[in-house]
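Numbering follows numbering that gives the first Met the number 0, with no gaps: position 305 of the sequence shown is 304.
Below: the structure, in structure tokens.
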Amino acid sequence: MKIKIKGMGIYLPKQVVTGEEIDKIIGKKIGWTSNYVGVKERRYANNEETVSIMGKNAILEALKDASMSLEDIDVICYAGDSVEQIIPSTACLIQRHLGLGDSGISCFDINSTCLSFLSALDNLSYVIESGRYKNVVIVTSEKASAAINPKEPESFALFGDGAVAMIIGKASENEGARIINAMHRTYGDGADLCSIPAGGSKIPPTVSSVTRESEDQFKFHMNGKKLLKLSFQKIPKFLEDLLEKSNLTLKDIDMVCPHQASTSAMRLIRKKLNIPEEKFMVIIEKMGNMIAASIPMAFYIAVKEGKVKRGNKVLLMGTSAGLSIGGVILEY
Numbered sequence: 000m001k002i003k004i005k006g007m008g009i010y011l012p013k014q015v016v017t018g019e020e021i022d023k024i025i026g027k028k029i030g031w032t033s034n035y036v037g038v039k040e041r042r043y044a045n046n047e048e049t050v051s052i053m054g055k056n057a058i059l060e061a062l063k064d065a066s067m068s069l070e071d072i073d074v075i076c077y078a079g080d081s082v083e084q085i086i087p088s089t090a091c092l093i094q095r096h097l098g099l100g101d102s103g104i105s106c107f108d109i110n111s112t113c114l115s116f117l118s119a120l121d122n123l124s125y126v127i128e129s130g131r132y133k134n135v136v137i138v139t140s141e142k143a144s145a146a147i148n149p150k151e152p153e154s155f156a157l158f159g160d161g162a163v164a165m166i167i168g169k170a171s172e173n174e175g176a177r178i179i180n181a182m183h184r185t186y187g188d189g190a191d192l193c194s195i196p197a198g199g200s201k202i203p204p205t206v207s208s209v210t211r212e213s214e215d216q217f218k219f220h221m222n223g224k225k226l227l228k229l230s231f232q233k234i235p236k237f238l239e240d241l242l243e244k245s246n247l248t249l250k251d252i253d254m255v256c257p258h259q260a261s262t263s264a265m266r267l268i269r270k271k272l273n274i275p276e277e278k279f280m281v282i283i284e285k286m287g288n289m290i291a292a293s294i295p296m297a298f299y300i301a302v303k304e305g306k307v308k309r310g311n312k313v314l315l316m317g318t319s320a321g322l323s324i325g326g327v328i329l330e331y
């Protein structure tokens, strides 16, 4: 599909939280987070830096990057896991912050946890290709710090906050930009390996349900070892099938922008798939795992650092709660 990323923008919260600060919170020896988990710093959003505010700021930067105005937007899609409130959609709240609350611009959310951005990019590309919309904003704004549990040190030390926005539209005939292929697979047997059990209809957030005993159910839980094992079983065949359907090999890919799941997982996956280190974008050391913002943030930084240029073939790929695996191959 002739789809082009027209502009990109980010927002990083002001507060930088070091590994040493995390060590003190979780009661670990100084240096544990930086050396064992591999995240030396990450950003934490304050109370004023809400998901919708961070998303708004990222969109404004993306519009500037694309030399476009708010009036050029047809759709705002929030693609992420850190919904600001149960209803209305987070995209609706972002629309209002942009001063477009009376515009009628279509707003909706897409959530496949860490793969939300890829799900939005994949599905909305077809909508653009059909001619229904011209310019679509995909914004991923995550506030992981709101739900991580210090009682689970390994996951608590992993995560960071931030937002990324991209404006996508149809590429002109003389432009090479395109979505080459995309794929998404889910293995629900791994549903309990990564979860926040409460907050939905099963365990609603009523006053009576939120007790000291149940509080942990409203926090993030991850069985990292089992999740990594299941991912290792599924990812190689997934990538093989995606490349085969795209008539490509890994040698044709100029850069891989993976989900920044964890330092150890990324290192092991890269080696297992035989991806050269220089073609594997790693930002977790200074950003942490930013949930759905990880993949687009890695791509944004790769472009800004000159590691990805127009015409390059890029593989965006990762895993998410589910267990789900997703990948998009694009020509930038």
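For glycine and all other residues, C-beta sits at the position ideal for the given N, C-alpha and C.
Ordered along the chain, which non-local residues of its own chain (more than five positions away) have a Cβ less than 8 Å from that of residue i?
i	result
G30	G18, E19 and D22
R309	G175, A176 and Y331
L272	I234, P235, L238 and L249
Who are the near neighbours of residue i in its chain, counting only those whose CB is closer than 6 Å to its CB and skipping five residues on each side?
i	result
K225	L192
G326	M182, L241 and M316
P149	I24, I25 and F155
K218	A146 and N148
T185	G321 and S323
A197	Q216 and F217
S334	No statement about residue 334 is possible, as the shown extent of the chain runs from 0 to 331 and does not include it.
A190	none
R269	F279
I252	K312 and L314
Would you mind stating whether residue i and residue j have Cβ atoms separated by less than 7 Å?
i	j	result
M165	I137	yes
K39	E284	yes
C106	C91	yes
P12	E60	no
A162	Y10	yes
K1	K169	yes
M296	G159	no
A44	K142	yes
A264	L227	yes
N180	I328	yes
D73	G8	no
K55	I93	yes
E153	G223	yes
T139	S319	no
I294	H258	yes
N122	D71	no
G37	T262	yes
H220	S200	no
How far does the beta strand (DSSP E) with residue i in it reach, from first residue to last?
i	result
F107	S105 to I109
L314	K312 to S319
R177	R177 to T185
S115	Premise fails: S115 lies in the alpha helix (DSSP H), S115 to S129, not in any beta strand (DSSP E).
Q14	Q14 to T17
I328	S323 to E330
T112	Looking at the DSSP string, T112 is not in any beta strand (DSSP E), and its letter there is neither H nor E.
A162	G161 to K169
P204	First-last for P204: undefined, no H or E at that position.
P257	M254 to P257
Y10	I2 to Y10
S102	Premise fails: S102 is in no beta strand (DSSP E) and is neither H nor E.
V136	N134 to E141
Who are the near neighbours of residue i in its chain, counting only those whose CB is closer than 7 Å to its CB and skipping five residues on each side?
i	result
A301	M254, C256, M280 and V307
I52	H96
G100	Q94
L157	V36, V38, S261, G287 and N288
Could you spell out the range, first to last residue, of the alpha helix (DSSP H) harbouring residue i?
i	result
M300	Note on residue identity: the sequence assigns Ile, not Met, to residue 300. Here the alpha helix (DSSP H) through I300 covers S293 to K303.
I283	I283 to M286
I268	T262 to K271
K225	G223 to K244
E153	P152 to F155
Kindly say whether residue i, judged by its beta-carbon, lies nearer than 7 Å to any beta-carbon of chain D.
i	result
T17	Among the chains in the structure shown there is no chain D, since it carries only a single protein chain.
Would you say the beta carbon of residue i comes nearer than 6 Å to a heavy atom of the ligand ATP?
i	result
E20	By its list of ligands, the structure shown contains no ligand whatsoever, and the ligand ATP lies outside what it can speak to.
With a threshold of 8 Å, are at least 3 pairs of Cβ atoms found where one atom belongs to the segment 67–83 and the other to the segment 288–297?
Note that the segment 67–83 touches the segment 288–297; at least 3 beta-carbon pairs, one per stretch, sit closer than 8 Å.
For the segment 31–91, which segments carrying the alpha helix (DSSP H) assignment without a break, of at least 4 residues, lie completely within its bounds, in sequence order?
Every alpha helix (DSSP H) of 4 residues or more that sits fully in the segment 31–91 is shown, in chain order, as 50–64.
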